[in-house]
Structure formats: structure tokens, C-alpha cells
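Data first, discussion second: the structure below is written as C-alpha cells.
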Amino acid sequence: MDTMQRVTDYLRNRPVELKRMKDRGEKKIVAHFVGDYVPAEIIYAAGAAPLGLVHGGDPEAVEAAHRAILRYVCPFSRAQFGYWVLGEQRYYEMFDLLVAPITCQHLRRTADLYAFYTDLPVFRLGIPQQFDGELGVNYFIEGLGLLKERLERLTGNEVTEGKLREAIDLYNRMRGLLKKISELRKSPRPPITTTDFIRLNHAAHLADPNFMVEILDSLCQELSQKEGPKREAPRLLITGPNIAMGDYKVLDLVEESGGMIVAEDIAEGVLFYWENVAANGDPMAALADRYVMRRPNCSFMRPGMERHFDFILKLADEFAVDGIVWYELRLCETWDIEQFFFAERLREMDTPIPMLKLDSEYDVADRGPLKTRIETFVETLKRRA
Amino acid sequence: MAVAGVDVGAVSAKTVILDQGEIAGYAILPTGYDIPKIAREVTELALEKANLTMDGLDYIVATGYGRRSTPFANEAITEITCHARGASWVIPETRTVIDIGGQDSKAIRVDARGNVVEFVMNDKCAAGTGRFLEVMARALDLDIDEFASISLTGKHPCRISSVCTVFAESEVVSLRAEKKRREDIIAGLHKSVANRVGAMAKQVGIEDLVVFTGGVAKNKAVLRALEEELGHEITVPEEPQIIGALGAALIALRKGL
Amino acid sequence: MYKEFLETCAYTPEEIEKELPRVKRAFDKAGLTEEDLKRGRERLIQDLDAGDLRGMRMIAGLFIKDFVDLVLSGEEHEIRLYLQLPSLGGQVLGAAQLVRPDIYVGYPSVLGFHVLGSIFNRLDPLLEKGENWCLPPGVAHCGCNQFKLGARLTDMVPPASLNLSAGMYCDEAPKVDEVLRYHFHEPVFWFNRCQDENFDDPPMDERHLKYLSANVDRARQTVSEVIGVEVTKDKVMEAILGVEGCVKALSRITELRAEADPSPLRAASCQLGQFLVVSTLSPSKYKQVEEALTVLAEEVQGRIDRGEGVVEKGAPRVMLSYLTSLSNPGISKAMEDAGLNICCSEGYGSAAEWERRAEIAKIDPCDIIAGVYLTSPLMVKASWRIETIVNGYRKGNLDGLIMLPHYSCRVFGNDFVMIRDGVKKELGNIPTLILETDLFDPRYYTVEQSRTRIESFAEMVKTAKVSVS
Numbered sequence: 001m002d003t004m005q006r007v008t009d010y011l012r013n014r015p016v017e018l019k020r021m022k023d024r025g026e027k028k029i030v031a032h033f034v035g036d037y038v039p040a041e042i043i044y045a046a047g048a049a050p051l052g053l054v055h056g057g058d059p060e061a062v063e064a065a066h067r068a069i070l071r072y073v074c075p076f077s078r079a080q081f082g083y084w085v086l087g088e089q090r091y092y093e094m095f096d097l098l099v100a101p102i103t104c105q106h107l108r109r110t111a112d113l114y115a116f117y118t119d120l121p122v123f124r125l126g127i128p129q130q131f132d133g134e135l136g137v138n139y140f141i142e143g144l145g146l147l148k149e150r151l152e153r154l155t156g157n158e159v160t161e162g163k164l165r166e167a168i169d170l171y172n173r174m175r176g177l178l179k180k181i182s183e184l185r186k187s188p189r190p191p192i193t194t195t196d197f198i199r200l201n202h203a204a205h206l207a208d209p210n211f212m213v214e215i216l217d218s219l220c221q222e223l224s225q226k227e228g229p230k231r232e233a234p235r236l237l238i239t240g241p242n243i244a245m246g247d248y249k250v251l252d253l254v255e256e257s258g259g260m261i262v263a264e265d266i267a268e269g270v271l272f273y274w275e276n277v278a279a280n281g282d283p284m285a286a287l288a289d290r291y292v293m294r295r296p297n298c299s300f301m302r303p304g305m306e307r308h309f310d311f312i313l314k315l316a317d318e319f320a321v322d323g324i325v326w327y328e329l330r331l332c333e334t335w336d337i338e339q340f341f342f343a344e345r346l347r348e349m350d351t352p353i354p355m356l357k358l359d360s361e362y363d364v365a366d367r368g369p370l371k372t373r374i375e376t377f378v379e380t381l382k383r384r385a
Numbered sequence: 001m002a003v004a005g006v007d008v009g010a011v012s013a014k015t016v017i018l019d020q021g022e023i024a025g026y027a028i029l030p031t032g033y034d035i036p037k038i039a040r041e042v043t044e045l046a047l048e049k050a051n052l053t054m055d056g057l058d059y060i061v062a063t064g065y066g067r068r069s070t071p072f073a074n075e076a077i078t079e080i081t082c083h084a085r086g087a088s089w090v091i092p093e094t095r096t097v098i099d100i101g102g103q104d105s106k107a108i109r110v111d112a113r114g115n116v117v118e119f120v121m122n123d124k125c126a127a128g129t130g131r132f133l134e135v136m137a138r139a140l141d142l143d144i145d146e147f148a149s150i151s152l153t154g155k156h157p158c159r160i161s162s163v164c165t166v167f168a169e170s171e172v173v174s175l176r177a178e179k180k181r182r183e184d185i186i187a188g189l190h191k192s193v194a195n196r197v198g199a200m201a202k203q204v205g206i207e208d209l210v211v212f213t214g215g216v217a218k219n220k221a222v223l224r225a226l227e228e229e230l231g232h233e234i235t236v237p238e239e240p241q242i243i244g245a246l247g248a249a250l251i252a253l254r255k256g257l
Numbered sequence: 001m002y003k004e005f006l007e008t009c010a011y012t013p014e015e016i017e018k019e020l021p022r023v024k025r026a027f028d029k030a031g032l033t034e035e036d037l038k039r040g041r042e043r044l045i046q047d048l049d050a051g052d053l054r055g056m057r058m059i060a061g062l063f064i065k066d067f068v069d070l071v072l073s074g075e076e077h078e079i080r081l082y083l084q085l086p087s088l089g090g091q092v093l094g095a096a097q098l099v100r101p102d103i104y105v106g107y108p109s110v111l112g113f114h115v116l117g118s119i120f121n122r123l124d125p126l127l128e129k130g131e132n133w134c135l136p137p138g139v140a141h142c143g144c145n146q147f148k149l150g151a152r153l154t155d156m157v158p159p160a161s162l163n164l165s166a167g168m169y170c171d172e173a174p175k176v177d178e179v180l181r182y183h184f185h186e187p188v189f190w191f192n193r194c195q196d197e198n199f200d201d202p203p204m205d206e207r208h209l210k211y212l213s214a215n216v217d218r219a220r221q222t223v224s225e226v227i228g229v230e231v232t233k234d235k236v237m238e239a240i241l242g243v244e245g246c247v248k249a250l251s252r253i254t255e256l257r258a259e260a261d262p263s264p265l266r267a268a269s270c271q272l273g274q275f276l277v278v279s280t281l282s283p284s285k286y287k288q289v290e291e292a293l294t295v296l297a298e299e300v301q302g303r304i305d306r307g308e309g310v311v312e313k314g315a316p317r318v319m320l321s322y323l324t325s326l327s328n329p330g331i332s333k334a335m336e337d338a339g340l341n342i343c344c345s346e347g348y349g350s351a352a353e354w355e356r357r358a359e360i361a362k363i364d365p366c367d368i369i370a371g372v373y374l375t376s377p378l379m380v381k382a383s384w385r386i387e388t389i390v391n392g393y394r395k396g397n398l399d400g401l402i403m404l405p406h407y408s409c410r411v412f413g414n415d416f417v418m419i420r421d422g423v424k425k426e427l428g429n430i431p432t433l434i435l436e437t438d439l440f441d442p443r444y445y446t447v448e449q450s451r452t453r454i455e456s457f458a459e460m461v462k463t464a465k466v467s468v469s
């Protein structure tokens with residue numbers, strides 16, 4: 001059977017499977033926000049099922065949050081609470097604990113809403129917003145210690161160093177495979193589309209990591225032998241805070257317009273798999289080092305602009321892109337500011353890379369304006385080629 | 001004793017005369033440009049119908065957008081308080097008032113005595129107000145009454161995605177170009193108004209009995225769309241447009257005593 | 001017009017003679033005309049009671065003096081250290097000035113909003129400048145940051161030798177401070193703290209205190225490096241203790257206001273005094289601030305003794321959460337016009353709070369600075385804010401609550417629906433109003449539009465009061 005189809009079938013069944021494990025007392029379900037700031041390894045090592053909350057794109061979910069919050073946080077964070085209000089996405093009702101990384105104010109608000117309006121327990125994990133070195137890393141390690149204790153209390157299982165090591169190895173393998181598949185897109189005929197690749201990342205947040213490793217392994221082998229269709233399409237990199245599961249319109253529109261996305265700098269992508277946790281030494285310190293210091297950054301980090309821009313440009317270079325699509329979620333103030341200076345940086349390059357700026361609040365009305373901009377951008381790139 | 005409540009809105013001015021606690025007469029006129037003048041005119045018209053004169057009034061309360069430009073009034077009270085009071089007097093079981101006026105809309109929760117418990121208003125944006133319907137009717141070359149009756153025949157309302165009145169107008173144009181049925185477009189527009197007002201109303205919470213006031217309440221298409229949106233039955237008093245002025249008159253009654 | 005204006009700001013004739021050239025130079029640089037001075041003077045008199053209250057004139061004058069110092073600091077000082085809104089650490093800068101009296105230390109945004117905003121209503125050009133650059137409309141960027149950049153783009157505020165940035169609070173301000181570094185090449189120090197307190201955690205634990213305190217200490221070291229002299233912990237302590245007098249005088253005013261009927265002082269006037277304390281970073285200015293607040297306190301007492309007030313006696317008592325606009329005294333004035341007594345606010349500043357903090361904080365001045373911060377509910381968690389509002393409401397025997405979300409604030413602007421629900425859960429159906437305005441940018445709203453909501457709320461409150469009695 002087609003591997004992607006296996007993933008689709010698995011995901012369709014996953015909420016049922018999780019619920020069953022939960023009802024039978026086999027596993028606790030521990031949800032967390034994406035962006036790769038919560039080490040899912042610890043959750044796994046405690047014998048719980050890590051569940052990344054990846055859904056988005058629905059205007060109804062955004063609307064539903066408005067009975068609890070005024071408008072001014074990004075649609076993704078509003079939707080994370082809105083899904084609970086609507087009661088339609090089963091993942092959002094079944095977890096036993098929500099681990100909320102306190103990254104930006106938007107997701108912090110969502111954590112507040114869960115804490116205030118629901119009975120679901122919330123554990124906040126403090127994320128240093130600077131590449132702080134010692135002070136920040138130590139604070140994070142303390143936080144991990146508190147998280148470990150909380151998980152132990154929840155599951156009744158001890159998180160031993162051995163279990164943690166095993167979990168780290170497993171996740172390292174998963175990340176390594178994702179990275180390998182990702183790099184296959186460097187070829188002039190990528191064997192997998194970025195849309196499918198991002199879907200794999202979404203799956204990785206929802207699925208059992210053992211299943212994912214198996215799938216990714218077989219997919220990796222499959223794709224290494226494969227060559228994608230020959231296309232006269234400009235190669236694009238997409239960057240932005242989130243491309244949620246369900247928020248595919250930009251990806252689809254780029255494909256429809258004849259563009260080809262080959263790389264992504266998003267929470268449900270590079271931030272998730274680019275770097276691995278060190279295989280030796282104290283596991284908690286290794287986790288802190290990876291999750292706080294050695295990682296691509298989201299724009300809330302301060303300072304972080306130069307490092308972020310360098311990283312995007314490095315990716316752009318490695319993947320030989322002709323253009324960059326900046327897809328930000330409306331009301332995300334830090335991404336908006338970075339966009340201005342990134343555009344400046346691009347213009348100052350010897351060979352400036354063209355960039356298209358898009359934003360969305362998950363409106364229904366989005367498609368038309370987005371389509372026009374994307375089509376124009378792709379046409380321009382085609383003419384340049 | 002005789003009192004008057006004068007509600008000068010952005011689009012229409014209304015006066016209600018209460019004599020011995022009963023409605024003795026009322027009048028409605030378009031507001032126009034000169035607020036003090038129209039306030040006086042509509043009050044005189046209502047007085048005529050009530051067989052009274054200005055001197056015979058013991059107390060006058062002004063409300064609405066032009067309440068502070070009604071020089072002959074004894075007091076100015078906001079339309080929120082007045083709509084709450086007026087609706088509750090006409091329908092004592094009122095607990096939620098939704099008022100859609102010419103240029104604003106409000107949702108008010110009231111207690112058993114007609115006092116305001118919570119309110120929210122939209123006066124910054126034309127969407128969800130009478131103005132929206134006016135603009136759209138004009139864009140389709142219809143008057144408001146035809147507009148409403150045609151809407152009721154639309155079986156598959158189009159989804160109008162624009163939040164802005166101006167953009168909705170051009171969206172209507174493209175829907176017509178796409179050969180969508182006129183009644184479906186119009187039903188979609190009414191749904192859009194209900195959607196905006198409904199979202200606002202949910203901020204204060206909906207409690208039965210829901211009463212619909214203001215000029216737009218006479219529009220059966222909006223009423224139906226609003227009922228669907230809120231999932232509650234909605235009651236419309238006999239003369240929804242004068243509820244604000246009635247409330248003002250009731251307050252005048254208390255003050256005049 | 002200069003003479004009249006400065007007289008309204010309690011400048012003595014000698015001061016006017018001596019300072020006039022500097023004031024003119026600074027006002028020219030800020031783009032202020034004689035017409036602006038005339039209107040500013042009227043605003044001071046009508047909206048802030050500077051005509052009747054010498055204390056208010058003195059407060060306004062101290063703002064003007066510090067503003068002039070800021071604008072001219074480029075030519076008068078070699079080193080300028082700024083606090084960027086809404087950061088902590090002002091006393092670290094104050095201590096720096098104790099060891100190097102020749103440097104300038106200041107709080108540009110707070111000065112800008114109160115002087116160019118509240119007094120002169122001439123913020124628009126600077127806000128637009130920032131807006132037209134990298135903070136466009138449509139994203140709800142905070143006016144605080146638009147001003148900050150506009151002021152630097154026009155060079156009204158000279159470049160900083162060091163900025164202390166609020167990395168421990170919101171995301172936008174520290175990002176814009178990064179722009180100061182990235183584009184203007186100014187050094188920036190970011191405080192760091194993780195706002196990861198769970199709702200049901202006990203108030204301020206050791207871990208959070210230590211982390212923030214370590215950051216404050218780092219700031220102290222960074223400042224020392226920049227000025228080339230060590231800023232010892234003793235000096236920081238000296239700065240902290242030096243401001244006590246100002247805080248006590250301010251507390252006297254807020255306590256008098258909380259109890260008095262009729263309300264003896266406008267909410268905006270009180271807030272101006274509050275922000276004078278916040279914006280005075282130079283220990284050399286502490287004495288004058290204390291004096292101004294003491295005079296005001298005495299005048300307030302005088303009004304109370306004579307039964308004079310800004311609202312009628314028996315007016316409903318209302319709490320304001322969290323602050324009214326820094327750049328427009330008209331909003332709270334509209335509430336007073338509607339007959340409401342804004343007797344207290346959710347914000348920090350009462351003597352009881354300070355005592356509680358002194359209890360919790362340790363001897364180390366960095367601990368004190370961190371501790372004071374971490375015991376302010378607004379800075380920590382929404383559940384605590386609900387608790388504070390509920391306690392304050394009961395204690396103050398209040399009749400209503402007005403919430404003023406700063407519309408673009410991702411930190412506390414959005415919380416108000418939850419706070420309203422939380423407060424009503426404890427207190428029942430008390431009259432509340434969420435009035436969307438803006439703390440900094442007066443273009444976002446009009447007082448007229450707000451008036452209908454304020455008046456409806458006032459009517460609600462008065463009715464509820466009558467039915468209870």
C-alpha cells in the first residue's frame with residue numbers, strides 16, 4: 001500500500017486509538033503546543049502518549065474563541081482554544097495534561113484560557129526567550145525537572161535516565177529520517193512535495209513515534225530511489241510561524257500556480273527535525289542544550305533576527321531556491337517586524353532573492369487575494385528564469 | 001401626568017408621548033441634518049396625535065445619537081438604558097434585547113426589572129447595521145421591502161465572506177457575474193447581518209426571552225436569519241422602531257413624579 | 001506663550017529666565033509651536049486641574065524638565081542610559097547616575113507620552129513615522145513602539161548608550177528594541193524571565209525570584225561596563241531607598257482618593273503623579289518629586305476638609321483596571337463627567353502593597369527589584385489579577401468596574417473577558433464595562449464614541465445602586 005495512504009489511515013484511526021488507550025487506563029495523553037519547545041521525549045519516557053496540537057485553518061475555531069478573548073492574538077492560538085469550545089476535534093478534549101511552553105504571548109493566552117475555562121490541567125514550561133547560555137539553560141533544566149515530576153505523578157511511572165535515553169534515541173531517529181527525506185527535496189526533481197512533507201510532520205506530532213520511525217524509514221528508502229516529475233517550476237522556500245494541519249491553502253495555491261515549494265522554515269517543519277539531541281552525557285542537560293540553544297528560532301527570540309535570517313538564507317542556498325514566500329499569521333507582531341528587515345536584507349544581497357509577503361487570519365475570504373498575489377509572484381519568477 | 005421620550009437616531013427620529021402611563025401618541029420622521037429642528041418637529045407631530053401641547057408635558061427625556069442636541073429635553077439618557085426599559089415594559093419576560101438601528105447595533109441583557117445587566121455595541125462599523133442592508137439593496141436596484149421579501153425565497157443562501165460593507169458590495173457584483181440566483185445572494189446578505197449581530201450578542205450571552213428592536217426588526221428576513229444564527233426564538237414588539245423613545249418616556253415618567 | 005506655559009508648570013521667574021533657552025531648543029526639536037503651548041496650557045488647566053492645584057503644576061513642571069533634559073541629552077551628555085517601556089530596572093540606572101553624575105538616565109517613552117501626548121496632544125507625527133516604517137497598521141502594533149521608533153527616526157530622542165529592554169514582559173517591545181540594535185546600532189540589554197507561573201501555584205517562589213534577580217544583577221554589570229565604573233549593589237540599594245519618600249507621598253494621595261467622598265482629585269491627575277515617580281530615574285530629582293507629591297497630597301486633604309470634589313458627593317465608586325491612557329486624560333474625565341468616582345485602580349502603588357513586597361523581598365537589591373516586580377499581579381498571571389480586583393472591590397465597597405484594554409496589547413489587553421468572567425463568578429452580576437481604548441495611541445478611538453458606553457455604564461451603576469439601597 002502507498003506509504004502516505006498508510007499514514008492517512010493511521011491518522012484517521014488515531015483519535016479512536018488514543019481514546020481507547022486512555023479509557024482502558026493504558027496510557028495517559030499529554031498534549032503540548034507545537035513549535036518544538038516541549039521535549040516530547042520526556043513525555044514518551046514517562047509512558048504517556050505525546051500529542052502535538054497541530055490543527056488550524058478553520059475560521060469557525062477562531063470565531064469560537066471570541067467568547068473568551070478579544071481578538072488580538074494570532075488565529076492559530078485562538079483556534080487552539082476554539083477547537084475545545086467547538087468540541088469537534090476530538091484531540092482537544094481527550095488529553096489528561098496540557099504542557100504549554102511559554103514562548104510567545106499568544107500561546108500563553110491559550111494556556112490561560114484552558115486553565116480558566118476548562119477542567120483540563122495545564123503545566124507551563126518556561127522557555128528562555130534569549131539564547132541565554134547558562135542562566136537560561138539552567139532555568140530550563142529546572143523546568144524540565146518539574147515537568148518530569150508532574151509526568152511521574154500523572155502516570156505513576158518513574159522517568160529513569162535509561163528510559164529518557166531510549167526516548168531520545170527514538171526521537172533522534174525520527175528526526176534524522178525526517179531530515180533525510182527533507183534533503184531529498186534538494187534535487188532538481190524532488191520525489192516528494194512539500195505539502196506531503198509537512199503532512200508527515202503533522203503526523204509525527206500526532207502519531208506514536210515508533211510507527212513514525214517505521215513509516216519514515218520505508219518512505220525514505222522508497223523516495224531515495226524515486227525521482228519526481230520534471231517541472232519547469234520556480235523553486236520556493238516558505239517561511240512563517242505555523243502551517244497548521246488544515247491550513248493548506250497557501251501550499252495548494254502555490255502548486256496550482258505552477259510553483260514548487262522545496263523547503264520550509266516553520267514550526268511544523270524545520271524547527272521540529274533539523275537538530276538532534278546529543279547522544280551522550282546527562283540526558284536532561286542534552287535536552288536543554290538542544291531545545292534552548294541548538295535549534296532554529298521562532299521570531300519571538302530577542303535578539304534573534306540576524307540568526308533567523310542567516311538560517312533562512314542558508315536553507316535557501318542549500319535548497320537552491322528562486323524565491324521566498326513569507327506566510328505570516330495576522331496579528332503576529334514579531335514575525336511582522338522581522339519581515340520588514342528580512343525584506344531589507346534580501347534587497348541588499350548581491351543577487352537579491354525575490355520575496356512574497358502573505359498573511360492570513362484563517363478567513364474564508366482569504367483565497368481570492370492570496371491567489372492573486374501568489375499567481376503574480378510565480379509568473380514573475382517564471383519570466384525571470 | 002404627561003411625558004415624552006425623544007429618540008434622535010442617525011437615520012430616524014422618534015417621539016413617544018405617555019399620558020397617564022399609556023401611550024397617547026407617537027411619530028417617526030427621518031433625521032436629516034438639523035438635529036434640534038427635527039427633534040422638535042417629531043415631538044410636535046407626536047403631541048398632535050396625542051392631543052397635547054409641549055407645555056402640557058411634565059418631563060422630557062432625550063436619547064439616541066442626538067440626545068445632547070435636543071435643547072428642550074430635561075435630561076439625556078443613553079439608548080441602551082432606554083431600549084432595555086422600553087422592551088421590558090412591552091414584554092415583561094424580556095431578558096435579551098437586540099437592537100439593529102440605521103447605523104449601529106447593540107445587544108443588551110436585562111434583568112426582570114428592565115435594568116441593564118451587560119451590554120455591547122457596535123457603532124464603528126456599518127456591517128451588521130441597517131446601513132449595510134440599504135447599501136446592498138441599492139446595489140441590486142431594489143427597495144428595502146422587496147429586498148426582504150425576496151430574501152425569504154432564497155433556499156441556498158450564498159456565503160458572503162467580506163466583513164466590510166464596501167467589499168461585500170463588490171462581492172455581490174462578482175456573485176451576480178457568477179450567475180448566482182438573486183434570492184440566494186440576498187438571503188446570503190441577510191445571513192451576513194445576522195452573523196455579525198449574532199457574534200456581538202454572544203459576547204453578552206443570550207437568555208430567553210430575546211426581543212428584537214429598532215427599525216430593522218420589521219425586516220422579516222433579518223429576523224429569520226437572526227433566529228437561525230442565535231438558535232433562539234425572537235420576539236418582535238408591535239412597533240419595534242419606537243422602543244427606544246418609549247423607554248425614554250418611561251424614564252421621564254419616573255423622573256417627573 | 002512660553003512664559004505663561006512655564007508658569008502653569010510651576011517654574012519660578014528665576015527658573016524661567018535661566019531655562020528658557022534650553023526649553024525653547026528642546027521644544028523646537030520636538031516640533032512644538034506657540035499654538036501647541038497655548039493648547040497644552042489649556043489642557044493642563046481643564047483636564048488635569050493645574051489651574052487650581054499647585055501640586056499638579058509642579059508635577060507637570062517636573063515632566064517638562066525631564067523631557068527637556070532628554071531631548072537635549074544628545075548635546076549635553078556623553079552617555080545616555082534609557083529604560084524602555086515597560087521594563088524594570090530603573091533603580092539600576094539611578095545607581096549608575098550616583099556613581100557617574102555626568103550621565104543622563106531617563107525613560108523616553110513615558111516622558112514622550114505624558115508630555116507630547118497628555119499635555120500637547122502632538123504624538124501623531126511620531127506615531128505615523130513609526131507606523132510608516134516597520135510597524136504598519138493592520139497588525140495591531142502597539143503605539144508604544146511606533147512612538148519609540150518615530151522618536152529615533154526623527155532624532156527627537158538621541159541615540160542610547162544602552163537600552164534596558166522589557167524582555168520579561170511582552171514580545172513586541174523587546175523586538176522593537178532589537179530593531180534599535182539592528183538598525184540604529186544601539187546596545188540593548190534584555191531582561192529575561194519566563195512567565196510560566198501556573199494559576200494554582202503559590203505566589204512568587206524562590207525559583208522565579210532568583211532567575212529574575214540574576215537578570216537584574218547582569219543588567220547592573222552591563223551598565224557598569226558601559227559607563228566604565230562599577231555600579232555596586234550598595235549604590236542600587238541607595239537608589240531604591242531614595243525613592244521611598246516619593247512612593248510614600250504618592251501612597252498618601254491614592255489612599256485619600258480611595259476613601260474620600262466627593263472624589264477630591266481626578267484619576268488622570270493621580271496617574272500623572274504615579275508616572276512621575278515611575279519616570280524619575282535620577283536620584284538627584286527624587287527630592288523635587290517628593291516635594292511636588294507632598295504639596296499635592298496636602299491640597300487633596302484641603303479639598304477633602306472643605307468637601308470639594310471633581311464629582312458630586314455620593315457618586316458611585318468605580319475601580320479602573322488597569323490604567324487610563326498615558327497620552328489622553330480625556331477618557332477618565334469623560335467618566336467623571338458622567339458622574340462616576342474613579343476612586344481606585346487595579347494598578348500597583350498603594351502602601352500596603354509595598355509593605356507586602358518588602359516582606360517578601362530580601363536584602364539584596366536585585367532581589368528587591370525582582371521581588372517588587374513579581375508581586376505585581378499584572379506582570380504575573382491573570383488569575384492573580386482576578387483575585388486582586390475582587391479583594392479591592394470588596395474592600396473599597398465599590399459599585400462598578402471599568403476595564404480599559406489597551407487594544408493592541410497581547411499581554412493584558414486580551415485578558416479582560418476572562419477577568420470579567422472571573423470577577424463576576426466571585427462577586428455576582430456587578431456592573432462592568434470593557435471600554436476598548438489605547439494606552440498610548442490617541443488615534444485609535446475617540447472620547448465621544450466612548451462617551452455613550454461610559455454613560456450607559458454610569459446609568460447601569462446608578463440604577464444598581466438605587467435598587468440595593
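If you read the sequences in order, they're chains V, R and L.
Residue numbers for the first sequence, in the numbering used here: 1 to 385.
Residue numbers for the second sequence, in the numbering used here: 1 to 257.
Residue numbers for the third sequence, in the numbering used here: 1 to 469.
Glycine included, C-beta positions come from ideal geometry on N, C-alpha and C.
Euclidean distance between Cα positions of residue i and residue j
| i | j | result |
| --- | --- | --- |
| V:D58 | V:M355 | 26 Å |
| R:D104 | R:E207 | 21 Å |
| L:M1 | L:P159 | 30 Å |
| R:E41 | L:D28 | 53 Å |
Residues of its chain near residue i, where Cβ-Cβ distance is below 6 Å and the 5 sequence neighbours each way are ignored
| i | result |
| --- | --- |
| L:L212 | R193 and A370 |
| R:L45 | A27 |
| R:A126 | F132 and T165 |
Residue i: contacting residues in chain V (beta-carbon distance under 7 Å)
| i | result |
| --- | --- |
| L:G94 | Near L:G94 there are no residues of chain V at all, since even the closest Cβ is about 24 Å away, more than 7 Å. |
| L:E178 | R302, P303 and M305 |
Assigned secondary structure, residue i (DSSP; H/G/I helix, E/B strand, else coil)
| i | result |
| --- | --- |
| R:H232 | coil |
| V:D265 | strand |
| V:A203 | helix |
| R:I17 | strand |
| L:G31 | coil |
| V:I198 | helix |
Interface residues of chain V facing residue i [CB-CB closer than 8 Å]
| i | result |
| --- | --- |
| R:A199 | E63 and H66 |
Residue i: contacting residues in chain V (beta-carbon distance under 9 Å)
| i | result |
| --- | --- |
| R:Q203 | H66 and R67 |
Within chain L, partners of residue i - CB distance below 9 Å
| i | result |
| --- | --- |
| V:C298 | Neighbours of V:C298 on chain L: none; closest Cβ ~10 Å, over 9 Å. |
Partners in chain R for residue i, counting only beta-carbon separations shorter than 7 Å
| i | result |
| --- | --- |
| L:N328 | In chain order: nothing, as chain R lies at least about 18 Å away. |
Partners in chain R for residue i, counting only beta-carbon separations shorter than 9 Å
| i | result |
| --- | --- |
| L:E172 | Those do not exist, as L:E172 stays about 24 Å from chain R at its closest Cβ, beyond 9 Å. |
Inset, instruction - Could you pull out every unbroken beta strand (DSSP E) segment of at least 3 residues lying fully inside the segment 352-417 of chain L, listed in chain order? - result: Listed in chain order, they are 400-403.
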